[in-house]
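**Q** The structure is given below, and queries will be raised subsequently.
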Amino acid sequence: MSSISFFVAVGFGLIIPALPIFASSFGVSKTAIGLIISSFAIVRFSSGLVAGKFVDKFGERSVLGFGLFMVSFFTLLTALAQNYEQLLIFRSLGGLGSSMFSVSAGSLLMRSVGDDFRGRAQSLFNGGFLLGGITGPAFGGVLSAISLRAPFFVYSTTLAIAGAIALFFLSEKRLGKKVDAPTSKLGQTTLGQAMRLKPYQIALALAFINNWILFGLRSSILPLFVTEELKSTAAIAGLGLTVGALVQGVFMLKAGKYSDKKGRKAALLFGSAFVLFGILMLAITTNTALYFISMALFGLGGAYVGTAPGSVVGDIIRGRGGQVIAAWQMAGDAGMIFGPVIVGLLTDLYSYQTAFLVSAGIWVLAILLAAILPETRLSHLENDLIPDKNKQEL
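For the sequence shown, numbering that gives the first Met the number 0 begins at 0 and goes up steadily by one.
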């Protein structure tokens, strides 16, 4: 699973600095550029529960592999786009495969790891993304300097490699049990059961805000901020993202252990403070040195914030919960839908600094939600979180 996440992330890291600049090459507004980022999430969002049903019916491995090959195909078409409309369509269609990949991967990871090690398992899985994220953006900037289409061709290839790993290496022999066992043999947590739990409700809200800031802000206007406001290059924009990923990678395993030992709430509060500092620093950034520092703060905070919410969801799931995971990821997709468009619109109407300050205000809400989150790791779920009338169901 960590190998799969690496090949997905290294390719995705290649296109992060390239996608906004590639879209701008068709002569569109920053709001339209934000729509390119959001459109992918729109399709992910609209297909999330369908992907969850696929996981519950067909099992994780099949859905995982097929989804990756689907994203690979549409990424190849994205590289061949001849106008903005084609770019928008092909990038959007890749969201369906991405939804299948993310829901099935989340289900398999959460189902196969015990509560005491869930944070560290999330860290190891995310570590694959980070290792790819460290490598991808730096090379993405270099490839973009050669051709804005080159990163997408490479990304299509790395996705195909990840799909092959899913289909051929996630076998029964290596897992020790059948991945595609029917839900009736594994048990299942329904979406209705999860929605009655306050931690899950807060996890949905945090997923929305986290993806708005940690994905939407950084992948939409940030590369343009570096090239237009700081008068630097796409390579520098990619290098800054690499710095953030590197710092996040250094602290990722520590963050997972901290979440397992101290609790999900403590990890969220600790990491959120650093992310807030990073956003505020962007609002006063006037040179690349401050940009690199802000990305480092994003990375440090992201190590803790990125691990804890998934662990909260994993703590409340018993058996297979494809739709529970799908709804949580759909909340994150909603953040990716609205975040890039809103910050792009704020930048068009006002300034980059206004977009950063509004994002900081949204992030303060995430800190408040983390402060009222009931602890799921250090409490006994059956006694502290589930109402008496629901205990027998779960």
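For each residue, glycine too, the CB sits at the ideal point set by N, CA and C.
#1: Taking the C-alpha atoms as reference points, what is the distance between Ala451 and Ala206?
#2: Going by Cα to Cα distance, which pick from Ile88, Pro373, Ser23, Ile201 is closest to Ile41?
#3: Given this structure, state the Cα-to-Cα distance separating Phe273 from Lys260, to the nearest angstrom.
#4: Specify whether the stretch 24-40 and the stretch 153-165 touch according to this definition: at least 3 beta carbon pairs, one from each stretch, less than 8 Å apart.
#5: Whole angstroms is fine: what's the gap from Lys230's alpha carbon to Ser23's?
#6: Closest by CA to Trp211, which one among Tyr199, Glu228, Pro339?
#7: Which residue spans inside the stretch 16-66 form an unbroken alpha helix (DSSP H) run of at least 4?
#8: First and last residue of the alpha helix (DSSP H) that includes Ile278?
#9: Report yes or no: do three or more beta-carbon pairs, one from the stretch 239-257 and one from the stretch 359-378, lie closer than 8 Å?
#10: Can you list, in chain order, the residues of its chain with a C-beta nearer than 7 Å to that of Asn286? Leave out the 5 residues immediately preceding and following it.
#11: Cβ atoms of Tyr290 and Val225: under 8 Å apart, would you say?
#12: Grab me the residues of Thr306's own chain with a C-beta within less than 6 Å of its C-beta, minus the 5 sequence neighbours each way, in chain order.
#13: Taking the C-alpha atoms as reference points, what is the distance between Leu169 and Gly126?
#14: Run through DSSP, which three-state label would Glu374 get?
#15: DSSP three-state call for Leu229: helix, strand or coil?
#16: What does the alpha-carbon distance come out to for the pair Ser28 and Pro16?
#17: Measure how close the beta-carbons of Gln187 and Gly320 come, nearest whole angstrom, since I'm counting them as under 8 Å.
#18: Would you decide whether Val363 is buried or exposed? Buried here means 16 or more other CB atoms lie within 10 Å of its CB.
#19: Where does Gln352 sit, in a helix, a strand or coil, going by DSSP?
#20: Can you tell me whether Thr77 is helix, strand or coil according to DSSP?
#21: Do Ala78 and Ser155 have their C-beta atoms closer together than 8 Å?
#22: Determine the direct distance from the alpha carbon of Ala8 to that of Met99, and round the result to whole angstroms.
#23: Would you mind giving the Cβ-Cβ distance between Gly51 and Ala325, rounded to the nearest angstrom? I have them listed as a contact below 8 Å.
#24: Does DSSP put Thr287 in a helix, in a strand, or in coil?
#25: Which value, in whole angstroms, describes the spacing of the CA atoms of Ser111 and Leu13?
#26: Kindly give me the distance between the Cβ atoms of Ser91 and Gly66, rounded to whole angstroms, as I take these residues to be in contact under 8 Å.
#27: Would Asn209 pass as a contact of Gly334 if the rule is Cβ separation under 8 Å?
#28: Below 8 Å CB to CB, which residues in the same chain sit around Ser1 once its five sequence neighbours on both sides are set aside?
#29: Under three-state DSSP, which class holds Val7?
#30: Using only the alpha-carbon positions, how far apart do Gln200 and Met194 sit?
#31: Let me see if you follow: with CB-CB separation under 8 Å, is Leu158 close to chain D or not?
#32: Among Ala80, Met69, Phe297, whose alpha-carbon lies nearest the alpha-carbon of Leu158?
#33: Quick check: the Cα distance between Ser61 and Leu166, rounded to an integer number of angstroms?
#34: Counting along the chain, where does the alpha helix (DSSP H) carrying Gly215 start and finish?
**A** Judging by the given coordinates:
#1: Any property of residue 451 remains undetermined from this structure, which presents the chain solely from 0 to 393.
#2: As a first step, residue 41 is located in the sequence shown; it is residue number 42 there, counting from the start. Among Ile88, Pro373, Ser23, Ile201, the Cα nearest to that of Ile41 is on Ile88.
#3: Mapped onto the sequence shown, residue 273 falls at position 274. Mapped onto the sequence shown, residue 260 falls at position 261. About 20 Å.
#4: no
#5: The sequence position of residue 230 within the sequence shown is 231, counting from 1. The sequence position of residue 23 within the sequence shown is 24, counting from 1. Using only the alpha carbons, I get a separation of about 16 Å.
#6: Residue numbering aside, residue 211 sits at position 212 when the sequence shown is read from its first letter. Minimum Cα distance to Trp211 is reached at Pro339.
#7: 17-23, 29-45, 47-57
#8: Against the sequence shown, residue 278 aligns to sequence position 279. Here the alpha helix (DSSP H) through Ile278 covers 263-282.
#9: no
#10: Position 287 of the sequence shown, counting from 1, holds the residue named residue 286. Closer than 7 Å at Cβ, skipping near neighbours: Leu229.
#11: Start at 1 with the first residue of the sequence shown, and residue 225 comes out as number 226. Start at 1 with the first residue of the sequence shown, and residue 290 comes out as number 291. Yes, the pair counts as a contact, with Cβ atoms nearer than the cut-off.
#12: Numbered from its first residue, the sequence shown carries residue 306 at position 307. Here the set comprises Gly118, Gln121, Ser122, Ala254, Gly255, Ser258.
#13: In the sequence shown, counting from the first residue as 1, residue 169 sits at position 170. In the sequence shown, counting from the first residue as 1, residue 126 sits at position 127. Whole-angstrom Cα-Cα distance: 18 Å.
#14: For the purposes of this step, residue 374 is taken as the residue at position 375 of the sequence shown. If DSSP states are grouped into helix, strand and coil, Glu374 belongs with coil.
#15: Locating residue 229 in the sequence shown gives position 230, where the first residue counts as 1. If DSSP states are grouped into helix, strand and coil, Leu229 belongs with coil.
#16: Indexing the sequence shown from 1 puts residue 28 at position 29. Indexing the sequence shown from 1 puts residue 16 at position 17. The alpha-carbon atoms of Ser28 and Pro16 are separated by roughly 17 Å.
#17: Translated into the one-based positions of the sequence shown, residue 187 becomes position 188. Translated into the one-based positions of the sequence shown, residue 320 becomes position 321. Right, their Cβ atoms sit about 6 Å apart.
#18: If you number the sequence shown from 1, residue 363 lands on position 364. When all chains shown are included, Val363 counts as exposed.
#19: For the purposes of this step, residue 352 is taken as the residue at position 353 of the sequence shown. The answer is helix: DSSP assigns Gln352 an H, G or I state.
#20: Mapped onto the sequence shown, residue 77 falls at position 78. Residue state, collapsed to three classes: helix.
#21: For the purposes of this step, residue 78 is taken as the residue at position 79 of the sequence shown. For the purposes of this step, residue 155 is taken as the residue at position 156 of the sequence shown. A contact, by the Cβ cut-off of 8 Å.
#22: Taking the first residue of the sequence shown as position 1, residue 99 is located at position 100. Taking the first residue of the sequence shown as position 1, residue 8 is located at position 9. Rounded to the nearest angstrom, the two C-alpha atoms are 16 Å apart.
#23: Indexing the sequence shown from 1 puts residue 51 at position 52. Indexing the sequence shown from 1 puts residue 325 at position 326. With 8 Å as the limit, Gly51 and Ala325 qualify as a contact, their Cβ atoms being about 3 Å apart.
#24: Looking up residue 287 in the sequence shown gives position 288. The answer is helix: DSSP assigns Thr287 an H, G or I state.
#25: Taking the first residue of the sequence shown as position 1, residue 111 is located at position 112. Taking the first residue of the sequence shown as position 1, residue 13 is located at position 14. Rounded to whole angstroms, Ser111 to Leu13 spans 30 Å at the Cα level.
#26: Mapped onto the sequence shown, residue 91 falls at position 92. Mapped onto the sequence shown, residue 66 falls at position 67. The Cβ separation is near 15 Å, so there is no contact.
#27: By one-based count along the sequence shown, residue 209 stands at place 210. By one-based count along the sequence shown, residue 334 stands at place 335. Contact flag set, yes.
#28: Counting from 1 along the sequence shown, the entry for residue 1 is found at position 2. Excluding residues within five positions, the ones whose Cβ falls inside 8 Å are Leu123, Phe124, Gly126, Gly127.
#29: Taking the first residue of the sequence shown as position 1, residue 7 is located at position 8. Three-state result, Val7: helix.
#30: On the sequence shown, residue 200 is found 201 positions in, with the first residue counted as 1. On the sequence shown, residue 194 is found 195 positions in, with the first residue counted as 1. Going by the C-alpha atoms only, they are around 6 Å apart.
#31: As a matter of chain content, chain D is missing from the structure shown, which is built from one protein chain.
#32: On the sequence shown, position 159 is the one that residue 158 refers to. When only C-alpha atoms are compared, the closest one is Met69.
#33: For the purposes of this step, residue 61 is taken as residue 62 along the sequence shown, with counting starting at 1. For the purposes of this step, residue 166 is taken as residue 167 along the sequence shown, with counting starting at 1. Looking at the two C-alpha atoms, the distance is approximately 7 Å.
#34: Position 216 of the sequence shown, counted from the start, is the residue given in the question as residue 215. Here Gly215 belongs to no alpha helix (DSSP H), and DSSP marks it neither H nor E.
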